[in-house]
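Just so you know, the sequences run in chain order B and G.
Residue 1 is where the first sequence starts when you use the numbering used here, and the numbers rise one by one after that.
Residue 153 is where the second sequence starts when you use the numbering used here, and the numbers rise one by one after that.
All C-beta atoms, glycine included, are put in the ideal place defined by N, C-alpha and C.
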Amino acid sequence: MKQGPKDKVAYKKMAQRHTPKKPVMANCIKAFLVGGMICLLGQFLQGFYIAYFGFNERSASNPTVATLVFIAVLLTGLGVYDRIGQWAGAGSAVPVTGFANAMSSAALEHRSEGYVLGVGGQMFKVAGPVIVFGTVAAFFVALIKQILTMLS
Amino acid sequence: MEIDIQFLWAFLVGGGICVIGQLLMDLTTLTPAHVMTILVCTGAVLDGFGLYEPLIKFAGAGASVPITSFGNALVHGAMAEAQQHGLIGIITGIFEVTSAGISAAIVFSFLASLIFRPRG
């Protein structure tokens, strides 16, 4: 049977009719609440490190991130984080805790393939692209900025 | 009182960035990995224009906890080192600020794989 462009359009329409509509609004509210809560927790931690460990506002974000990463990995190991993620969507994926969750869940998942090829090799399966593209983008941004400052 | 306000902004701005991520996931066919990649690159570009640092000053952890700050921190480390050592500093300094997040994620994830069994 020959398929023309008309069939393609008809198929697309049919597929669209049968795909369940995403509850975009509800998803956004959930993402907002959970993402906001995680950042609020970060703000509390940051205040804690400034008040009790002598960090300043600039340097306190490092131990804050490390602590959040630790909490996220622990919750992933206990199987809690992925359950939060199912409800919160981007709310738990976008903060740095989502990055830690992506790494630790990949590490756990591929453990059965051995520590070197499984845990070591697959840990960056999801987090890798973020690091690669982040680093490449940052390299070019910094390069342009540096050249501009050298020229001026 | 000033600090209390920053808690509110941390919540609102952090939540707002997550909503942008959620919209990208729901309204386009991008996978979560694509969305994270876009956000990281956005953070790097925003810092290139000097726009991300004011946001961190304003919203604190609301801007420094989302993954966008990862791109911002990469540029920051590279620029700090580049000001001291010239162009080569971009390569040597790029991971300077993000070291905490990446090394913590690697070490803790490895330890977790020793202790926990996969679930779900």
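Query raised in the report: Would you say F268 (chain G) reaches chain B, if we count a Cβ-Cβ gap shorter than 8 Å as a contact?
Result: Yes - at least one Cβ of chain B is within 8 Å of the one on F268 (chain G).
Report task. Measuring only between beta-carbons, confirm whether E109 (chain B) sits less than 8 Å from chain G. Result -> Closer than 8 Å to some Cβ of chain G, the Cβ of E109 (chain B) qualifies, so yes.
Query raised in the report: When the cut-off is 8 Å and only beta carbons count, does P206 (chain G) lie next to chain B?
Result: No, no contact with chain B.
Requested in this report: Taking 8 Å as the cut-off, decide whether the C-beta atoms of A89 (chain B) and M177 (chain G) are in contact.
Outcome: Residue identity check: residue 89 (chain B) is Gly in the sequence provided, not Ala. Remark: C-beta atoms of G89 (chain B) and M177 (chain G) approach each other more closely than 8 Å.
Query - Partners in chain B for F210 (chain G), counting only beta-carbon separations shorter than 9 Å - result: From the beta-carbon of F210 (chain G), no residue of chain B is found nearer than 9 Å; the closest lies around 12 Å away.
Report task. Can you check the stretch 172-257 of chain G for any alpha helix (DSSP H) of at least 4 residues that lies completely inside it and give the ranges in chain order? Result -> Complete alpha helix (DSSP H) runs here, min 4: 184-200, 204-211, 213-216, 220-237 and 240-245.
Report task. Given a cut-off of 8 Å, decide if G214 (chain G) and Q43 (chain B) are closer than it, judged by their beta-carbon atoms. Result -> Cβ atoms of Q43 (chain B) and G214 (chain G): closer than 8 Å.
Query raised in the report: If you draw a straight line from the alpha carbon of T67 (chain B) to that of V217 (chain G), how long is it in whole angstroms?
Result: Each residue's CA atom was taken as its position, placing T67 (chain B) and V217 (chain G) some 11 Å apart.
Requested in this report: Return helix, strand or coil for I84 (chain B), following the three-state DSSP convention.
Outcome: DSSP places I84 (chain B) in the helix class (H, G or I) of the three-state scheme.
Query - Given 8 Å, three or more beta-carbon pairs between the stretch 158-167 of chain G and the stretch 103-117 of chain B - result: For the pair of segments examined, the stretch 158-167 of chain G was found not to touch the stretch 103-117 of chain B: the number of CB pairs separated by less than 8 Å stays below three.
Query raised in the report: In chain G, which residues lie less than 9 Å from V154 (chain B) when you measure between Cβ atoms?
Result: Here chain B has residues from 1 to 152 only, and residue 154 (chain B) is not among them.
Report task. Can you give me the Cβ contacts of A225 (chain G) inside the same chain, cut-off strictly under 6 Å, excluding the 5 residues immediately before and after it? Result -> Cβ within range, chain order: V249 and T250.
Query raised in the report: Counting contacts by CB-CB distance shorter than 8 Å, is D199 (chain G) in contact with chain B?
Result: Yes - at least one Cβ of chain B is within 8 Å of the one on D199 (chain G).
Query raised in the report: Between which two residues does the alpha helix (DSSP H) containing G4 (chain B) stretch?
Result: No alpha helix (DSSP H) contains G4 (chain B), which DSSP labels as neither H nor E.
Requested in this report: Starting from L275 (chain G), find everything on chain B with Cβ-Cβ shorter than 7 Å and list it in chain order.
Outcome: Limits of chain G in this structure are 153 at one end and 272 at the other, which puts residue 275 (chain G) out of reach.
**Report entry** chain G contact for T19 (chain B) (CB, 8 Å cutoff)
**Finding:** No, T19 (chain B) does not count as interfacial toward chain G.
Requested in this report: Below 9 Å between beta carbons is the criterion; list the residues of the stretch 180-193 of chain G that meet it against any residue of chain B, in chain order.
Outcome: Here the close residues are P184, A185, H186, V187, M188, T189, I190, L191, V192 and C193.
Query raised in the report: Roughly how many whole angstroms lie between the Cα atoms of I242 (chain G) and G253 (chain G)?
Result: Cα atoms of I242 (chain G) and G253 (chain G): separation of roughly 19 Å, rounded to the nearest angstrom.
Requested in this report: Throw me the rounded Cβ distance for the V141 (chain B) and V192 (chain G) pair, which I believe falls under 8 Å.
Outcome: Not a contact, Cβ separation roughly 12 Å.
Query raised in the report: Would you say A142 (chain B) faces chain G, with C-beta separation under 8 Å as the test?
Result: Taking Cβ atoms only, chain G reaches closer than 8 Å to A142 (chain B), which makes this a yes.
Query raised in the report: Per DSSP, which one or two residues make a beta bridge with P95 (chain B)?
Result: For P95 (chain B), the pairing in a beta bridge is given by DSSP as G:P218.
Query raised in the report: Would the stretch 80-97 of chain B and the stretch 23-41 of chain B be scored as touching if the rule is three or more Cβ pairs under 8 Å?
Result: In short, these stretches touch, since the Cβ pair count reaches three.
Query raised in the report: Is there a Cβ from chain B that is less than 8 Å from the Cβ of D156 (chain G)?
Result: By the rule that beta-carbons nearer than 8 Å mark a contact, D156 (chain G) does not touch chain B.
Query raised in the report: To the nearest whole angstrom, what separates the beta carbons of I246 (chain G) and G229 (chain G), a pair I think is in contact under 8 Å?
Result: For a cut-off of 8 Å, the C-beta gap from I246 (chain G) to G229 (chain G) is around 6 Å, short enough to register as a contact.
**Report entry** Nearest-angstrom beta carbon gap, G212 (chain G) and Q158 (chain G) [assumed within contact, 8 Å]
**Finding:** Going by Cβ atoms, the distance from Q158 (chain G) to G212 (chain G) rounds to 5 Å, so yes, they are a contact pair.
Report task. Rounded to whole angstroms, what's the CA-CA distance from L179 (chain G) to T135 (chain B)? Just pull it up for me. Result -> Counting only the Cα atoms, T135 (chain B) lies some 27 Å from L179 (chain G).
Report task. Go ahead and label K21 (chain B) buried or exposed: buried means 16 or more other beta carbons lie within 10 angstroms of its beta carbon, across all protein chains shown. Result -> Exposed is the call here.
Query raised in the report: So, does the CB of Q236 (chain G) fall closer than 8 Å to a CB anywhere in chain B?
Result: It does not: the Cβ of Q236 (chain G) has no partner Cβ on chain B nearer than 8 Å.
Report task. Taking only beta-carbon positions, decide if Q16 (chain B) is within less than 8 Å of chain G. Result -> At least 8 Å separates the CB of Q16 (chain B) from every CB of chain G.
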